[in-house]
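Per the numbering used here: the sequence shown = residues 7 to 163. Below is one structure, written out as structure tokens; comments come after it.
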Amino acid sequence: MSVNYFSKDGLQKIKDELKDLQTKGRADMAKQIAEARDKGDLSENAEYDAAKDAQGHLEHRIKQLEAIVGDARILDINSVDTSKVGVLSFVRIKNLKNNIEVKYQLVAEEEANLASGKISVKSPIGKGLLGKKEGDLAVMNVPAGEMKFKILEISYD
Numbered sequence: 007m008s009v010n011y012f013s014k015d016g017l018q019k020i021k022d023e024l025k026d027l028q029t030k031g032r033a034d035m036a037k038q039i040a041e042a043r044d045k046g047d048l049s050e051n052a053e054y055d056a057a058k059d060a061q062g063h064l065e066h067r068i069k070q071l072e073a074i075v076g077d078a079r080i081l082d083i084n085s086v087d088t089s090k091v092g093v094l095s096f097v098r099i100k101n102l103k104n105n106i107e108v109k110y111q112l113v114a115e116e117e118a119n120l121a122s123g124k125i126s127v128k129s130p131i132g133k134g135l136l137g138k139k140e141g142d143l144a145v146m147n148v149p150a151g152e153m154k155f156k157i158l159e160i161s162y163d
């Protein structure tokens with residue numbers, strides 16, 4: 007079991023998705039399977055096979071979300087060392103190769119969204135930034151090679 011730390015809103019989104027899949031998703035899937043079954047011979051019914059396959063994917067996602075929620079903890083910002091990069095921190099960094107500055111928020115893997123500036127603490131960059139302080143150098147290996155970043159600012163707001 008690995009604990010995943012979430013913001014309150016992030017965990018609520020996961021719980022909402024789970025509830026939706028358990029209720030509406032399962033009901034819709036049962037309806038699709040029943041409609042496909044009513045179309046006759048199941049041995050040559052591609053629509054039925056597709057619906058059963060989709061049901062398998064739905065149940066797999068439900069199991070994933072149940073495991074995530076079961077291992078989830080809401081992070082209390084008041085109990086963390088805000089001088090270091092951690093889960094839910096905002097960190098402004100400078101790429102030392104091209105001098106480009108970017109700002110990311112480190113979040114749980116399930117909350118990650120690069121377009122919103124949210125990166126997973128389990129990503130190569132996220133792992134490399136965790137525990138660093140302002141002024142520190144973070145060196146990490148990513149698929150494109152070695153990257154070096156200077157930590158410019160850390161905040162938790």
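Ideal Cβ positions, reconstructed from N, Cα and C, are used throughout, including at glycine.
Residue i and residue j closer than 7 Å at C-beta
| i | j | result |
| --- | --- | --- |
| K128 | E115 | yes |
| V113 | K124 | yes |
| L17 | I80 | yes |
| A42 | A57 | yes |
Endpoints, alpha helix (DSSP H) assigned at residue i
| i | result |
| --- | --- |
| V9 | From DSSP, V9 is part of no alpha helix (DSSP H); its letter is neither H nor E. |
| I106 | Careful: I106 lies outside any alpha helix (DSSP H) and carries neither H nor E. |
| E166 | For the chain, the structure presents residues 7 to 163; residue 166 sits outside this window and is missing. |
| K139 | Unbroken run through K139: none, as it is neither H nor E. |
| K133 | 130 to 135 |
Integer Cβ distance of residue i from residue j, believed to fall under 8 Å
| i | j | result |
| --- | --- | --- |
| L24 | L64 | Between L64 and L24 the Cβ distance is about 12 Å, and since that is not below 8 Å, they are no contact. |
| F12 | N101 | About 28 Å separates the two Cβ atoms, so there is no contact after all. |
| K90 | K138 | 7 Å |
Length of the line joining the Cα atoms of residue i and residue j
| i | j | result |
| --- | --- | --- |
| G141 | D55 | 57 Å |
| V97 | K30 | 39 Å |
| Q61 | N84 | 42 Å |
| E152 | D59 | 41 Å |
| A73 | M146 | 30 Å |
| E107 | I99 | 6 Å |
| D77 | S126 | 16 Å |
| S122 | A52 | 40 Å |
| M35 | V9 | 31 Å |
| V86 | S95 | 10 Å |
| E159 | L71 | 33 Å |
| T88 | I39 | 52 Å |
heavy atom of the ligand NAD below 6 Å from residue i C-beta
| i | result |
| --- | --- |
| S8 | Ligands in the displayed structure: none, and consequently the ligand NAD is not present. |
Extent of the continuous beta strand (DSSP E) run through residue i
| i | result |
| --- | --- |
| I80 | 78 to 80 |
| A144 | 143 to 148 |
| K30 | Element bounds for K30: n/a, residue is neither H nor E. |
| K124 | 124 to 126 |
Closest residue to residue i among the options (Cα-Cα distance)
| i | options | result |
| --- | --- | --- |
| D22 | A144, L136, V75 | V75 |
| G92 | V108, K19, L136 | L136 |
| D163 | Q70, Q111, K45 | Q111 |
| S161 | D44, K109, N105 | K109 |
CB contact below 7 Å: residue i versus chain B
| i | result |
| --- | --- |
| S13 | No chain B appears in this structure, which consists of one protein chain only. |
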